[in-house]
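K.L.:
The structure under discussion is supplied below as structure tokens; questions concerning it will follow.
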Amino acid sequence: ETPENLSNGTSSNVEAAKRLAKRLYQLDRFKRSDVAKHLGKNNEFSKLVAEEYLKFFDFTGMTLDQSLRYFFKAFSLVGETQERERVLIHFSNRYFYCNPDTIASQDGVHCLTCAIMLLNTDLHGHNIGKKMTCQEFIANLQGVNEGVDFSKDLLKVLWDWRRC
1 ETPENLSNGT
11 SSNVEAAKRL
21 AKRLYQLDRF
31 KRSDVAKHLG
41 KNNEFSKLVA
51 EEYLKFFDFT
61 GMTLDQSLRY
71 FFKAFSLVGE
81 TQERERVLIH
91 FSNRYFYCNP
101 DTIASQDGVH
111 CLTCAIMLLN
121 TDLHGHNIGK
131 KMTCQEFIAN
141 LQGVNEGVDF
151 SKDLLKVLWD
161 WRRC
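Here you go:
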């Protein structure tokens, strides 16, 4: 491979992914509801598109909840569970890239991102009985940040954030 090639695609694939990512970001002949469909597919080209799309977002210095709000203003997270999961993985990777010192790992970011999404479902879901308490939220996340607990203050803020 030449230096212009990436390990997961040829330079022509990368350029095509960059063009599509830009069009998705600018909603150039796409609707907000179309974006997640392209970012959540499970093939190498779609992964390239997602990586390029996320480069339009600079989460540096932003909290995780601020970053999620900013990210989801750009498009609607729709699709099958696996597709939404892939989009959240791309988001988590980008957030960690922009803020490498805030959470121990990309996996830690992803766990916390999924927990925030579950909190949102817990608050707004119609078929859910007992709502999760703040103490349950904190207990559920013990040790998932590379074996270290997230700050209880951070988790309390995130738990309160779901009401906004």
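Mapping to UniProt numbering: the sequence shown position 38 is 38, numbers consecutive.
Every residue, glycine too, gets a C-beta built ideally from N, C-alpha and C.
#1: Which of the three DSSP states is assigned to Val148 in this structure?
#2: Rounding to the nearest angstrom, what Cα-Cα distance links Tyr53 and Leu141 in this structure?
#3: Distance check for Arg23 and Gly108, CA to CA, integer angstroms please.
#4: I need the boundaries of the alpha helix (DSSP H) containing Asp28, first residue and last residue.
#5: Using alpha carbons as the reference points, say which of Ser12, Val35, Phe150 and Glu15 lies closest to Val87.
#6: Taking just the CA atoms, how far does Glu136 sit from Ala50?
#7: Do Gln66 and the ligand GDP come close, with the Cβ less than 7 Å from some heavy atom?
#8: Quick check on DSSP: helix, strand or coil for Thr60?
#9: Mapping the DSSP letters down to three states, classify Thr2 as helix, strand or coil.
#10: Using the Cβ count rule (16 or more neighbours within 10 Å means buried), how would you classify Tyr95?
#11: Tell me the rounded alpha-carbon separation between Asp153 and Thr63.
#12: Run through the segment 81-105 for me and flag every whole alpha helix (DSSP H) of 4 or more residues, listed as ranges in chain order.
#13: Which residues in the same chain as Cys111 place their Cβ atom closer than 6 Å to its Cβ, once the five residues preceding and following it in sequence are excluded?
#14: So the candidates are Ala16, Trp161 and Phe75; which of them puts its Cα closest to the Cα of residue 182?
P.N.:
Quick look at the numbers:
#1: Counted from its first residue, the sequence shown places residue 148 at position 148. The answer is strand: DSSP assigns Val148 an E or B state.
#2: Position 53 of the sequence shown, counted from the start, is the residue given in the question as residue 53. Position 141 of the sequence shown, counted from the start, is the residue given in the question as residue 141. Going from the Cα of Tyr53 to the Cα of Leu141 covers about 29 Å.
#3: For the purposes of this step, residue 108 is identified with residue 108 of the sequence shown, where counting begins at 1. For the purposes of this step, residue 23 is identified with residue 23 of the sequence shown, where counting begins at 1. Cα-Cα distance, rounded: 31 Å.
#4: Within the sequence shown, residue 28 is the residue found at index 28, counting from 1. Run containing Asp28: none; DSSP gives neither H nor E here.
#5: Mapped onto the sequence shown, residue 87 falls at position 87. Of the listed residues, the one whose Cα sits closest to Val87 is Val35.
#6: Against the sequence shown, residue 50 aligns to sequence position 50. Against the sequence shown, residue 136 aligns to sequence position 136. Approximately 33 Å, taken between the alpha carbons.
#7: What this structure holds is no ligand at all, so the ligand GDP is not there to describe.
#8: Taking the sequence shown and counting its residues from 1, the one referred to as residue 60 is at position 60. Coil, per DSSP.
#9: What you label residue 2 is simply residue 2 of the sequence shown in a count that begins at 1. A caution first: Thr2 carries a pLDDT of 35, below 50, which makes its placement in the model unreliable, though a value can still be read off. Note: Thr2 maps to coil in three-state DSSP.
#10: For this step, residue 95 is matched to residue 95 along the sequence shown. Buried, since its Cβ has 16 or more Cβ neighbours within 10 Å.
#11: The count along the sequence shown starts at 1 and reaches residue 153 at position 153. The count along the sequence shown starts at 1 and reaches residue 63 at position 63. Taking the straight line joining both Cα atoms gives about 13 Å.
#12: 81-98
#13: Along the sequence shown, one-based indexing puts residue 111 at 111. Same-chain partners within the cutoff: Val144.
#14: This structure cannot settle anything about residue 182, because the visible part of the chain is limited to 1 through 164.
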